[in-house]
Every structure is written in structure tokens, then in C-alpha cells.
Amino acid sequence: MPELPEVEVTRRGLAPRITGRVISGVTVREPRLRWPVPRAVRGLAGHTVKSVRRRGKYLLVDCGAGHLILHLGMSGSLRVLPAGTPAKKHDHFDLLLGDRLLRLHDPRRFGAVLWTAAAPEAHPLLAHLGIEPLSRALDPARLHSMTRAHRAAIKQFLMDAQRIVGVGNIYASESLFRAGIDPRKAAKKLSLMDCKKLVGAIKRTLSLAIRAGGSSLRDFSVNGRSGYFQNRYWVYAREGKACRRCRTPVRRLVQGQRSTFYCPRCQQ
DNA sequence: CTCGCCACCTGGGGGC
DNA sequence: TGCCCCCAGGTGGCGA
């Protein structure tokens, strides 16, 4: 499920429900996630959750003595539930917080639960992350200069978290559609005008998805993600269906072993 | 440094 | 029903 909007919506749901609460215990049912859950995580009882921040698709839970670093991988989700809620299959990790708990559910186990006592930005997994797409740092001139040396397709450039974080497979296709750019176009061939359109499209796509997800926040502790991102996608997963703008059949292609969807008429 | 590809893991859906 | 193959929202790490 998680691209940046899903992670940000998760963060917003979580933060008010766990910030300021004292950690009463930790349950690790399955330590074999993307990386083994470190032992230090089991000894967090007594610390207080100070804040929940996000960097890229990583969630950073400030515990005072250090940070819990959480990642949802491909299939992970986090929910706040009443203490004592029975665990189901794939419920790998609980952070106990008195009358409630924060639970990680992740069937594919590509997610992660890590710990760092140092500044989280310095952690090896975070240190080389690219720029935040919703920040001012991403602007047309910046994207233009960043892309100059890259002959790879713009779709793949967008999905490289070492350059821009948070744009995953769905929103890469969606942003390129909104910008009217062919996903196969070499990154270095984007004009400044292309970059202007693309930056606008990325920010709009991600912001709208966050807003759409926000509508399910009310129920966060109940069902975690009710209505969810029932976004009407412009092109994603719509192969063969009529483009919502020009009615030309949407096409699918594979780039870097991932599906890309685009409209051959709207995206030149 | 860039690029292309593999790996990790489980589950759901379609075809036979 | 069962089996087999394909597909899935991420991303670190490898060798070229």
C-alpha cells in the first residue's frame, strides 16, 4: 500500500494517538522483517513517545533515548488498537502504550522496525535519501539540473529515492500523466518547461492523495484504513480502458520490472 | 557515478 | 479442488 501519501496519512493518524504516551512494553512476534528487529527495541519500556515524523517513506518515532524507524515496505500497515487486542496472522510487532498499542501488520515482511540512538537522519538508510517532493526544495530548476546527467527513463528517475523520495510506482505514472510526459522519455531530455509541469504534477498528485486519505483518519483506531485511497486513477491499472481525458486506450509497459501505465496520446 | 537486474516474502487471481 | 504461473503500492545491493 504505501507510497508517500499513505505513509503521511498513517503518520497523521498515529501521531495524536501515541505522542506523549509512555511505552509500557514491546512485543516482537516475528523479528524476521526486511532486517532483523534489533534487540534494543525490546528494551524500550519506560520511554515516552515525543513525536512521530516522516522522512521519505520512513516513519521516525522519537522515544527520547533514540528513534524507532518504521517502514511499511509493500504490504505493511500500522494501527492503534485497544490494549489486549488479539494478534492476527502477520501482526509482527506491537508497541504497548498503556491502554492502547501500536501494531505493525505486514504479510510480505518487506517492512522494517529499526532503532537508532543517534540522529535518525544519519542512519545509513536515511542518510542518502533524496529531496522531499512536497518541500520547496523540489522546484523546476532543481529537477532540471538533477536530471541533466541521466539518460534513464524519467519514470525510473522519479522512483529513485536517492534523488526524490516518496514517488512510488502508482504516483510516478499518475504524475507523468498529469504532466503530459511520456514515461519513457530520457530524464536528461526534459525541458525546463517539462520540469515545471512535472513538479506541479507531482505536488498536486501527492497532495490530493494525502487529502483523500485524510478522510479515513476519523476511523483510524477502528479499522485503520476504511475508505482508503479509492482514488480514481488517471492511468494506473487502467490498461486497455479509455483515457479519462481523450478516450484513447491506456497502455501498459514494463520499466525496471515494474508496470507503467500511460496514455499514448496525452503523453508525448 | 549510472544503470540494469536480482533479491527478499506472502497471497490473490486466472487458466487448465 | 489443486496446481502453476503471474502479479502486486519498496528498495538495498550487486556487478558491469
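The numbering of the first sequence is the working numbering, which starts it at 20 and goes up by one. A virtual CB, placed ideally from N, CA and C, is assigned to each residue, including glycine.
Give the DSSP-derived three-state secondary structure of residue i in the structure shown.
i	result
residue 129	coil
residue 154	coil
residue 38	coil
residue 59	helix
residue 183	strand
residue 81	strand
residue 213	helix
residue 231	helix
residue 52	coil
residue 100	strand
residue 175	helix
residue 254	coil
residue 244	In this prediction, residue 244 has a pLDDT of 43, which is less than 50 and means its spatial position is unreliable; what the coordinates show is noted afterwards. Looking at residue 244 - three-state DSSP - the assignment turns out to be coil, as it is neither helix nor strand.
residue 200	coil
residue 141	helix
Taking buried to mean at least 16 other C-beta atoms within 10 Å of its own C-beta, is residue i buried or exposed?
i	result
residue 118	exposed
residue 262	buried
residue 73	buried
residue 41	exposed
residue 52	buried
residue 62	exposed
residue 164	exposed
residue 145	buried
residue 157	buried
residue 155	exposed
Leaving out the 5 sequence neighbours to the left and right, which residues in its chain are closer than 7 Å to residue i when beta-carbon positions are compared?
i	result
residue 229	24, 27 and 28
residue 66	42, 82, 83 and 84
residue 222	152 and 153
residue 80	68, 71, 86, 87 and 89
residue 126	94 and 109
residue 130	52, 53, 90, 91, 92, 95 and 123
Closer than 8 Å by C-beta to residue i: which residues in its own chain qualify, once you throw out the five before and the five after it? Chain order, please.
i	result
residue 34	70 and 71
residue 267	261, 282, 283, 284 and 285
residue 274	172, 174, 175, 202 and 203
residue 251	263
residue 304	No information on residue 304 is available, as it lies outside the stretch 20 to 287 that the chain covers here.
residue 137	85
How many whole angstroms separate the CB atoms of residue i and residue j, which I take to be in contact at a CB cut-off of 8 Å?
i	j	result
residue 254	residue 196	5 Å
residue 89	residue 100	No, residue 89 and residue 100 are not in contact; Cβ-Cβ is about 16 Å, not under 8 Å.
residue 185	residue 143	Contact flag wrong, Cβ pair sits at about 19 Å.
residue 48	residue 102	Their Cβ separation, rounded to whole angstroms, is 16 Å, which puts residue 48 and residue 102 out of contact at 8 Å.
residue 116	residue 166	Wrong, their Cβ atoms sit about 44 Å apart, outside the cutoff.
residue 64	residue 44	5 Å
residue 50	residue 134	At roughly 12 Å, the Cβ-Cβ gap does not stay under 8 Å, so residue 50 and residue 134 are not in contact.
Output needed for residue i: all residues of its chain with C-beta closer than 6 Å, excluding positions within five of it in sequence on either side, in chain order.
i	result
residue 113	46, 120 and 122
residue 216	198
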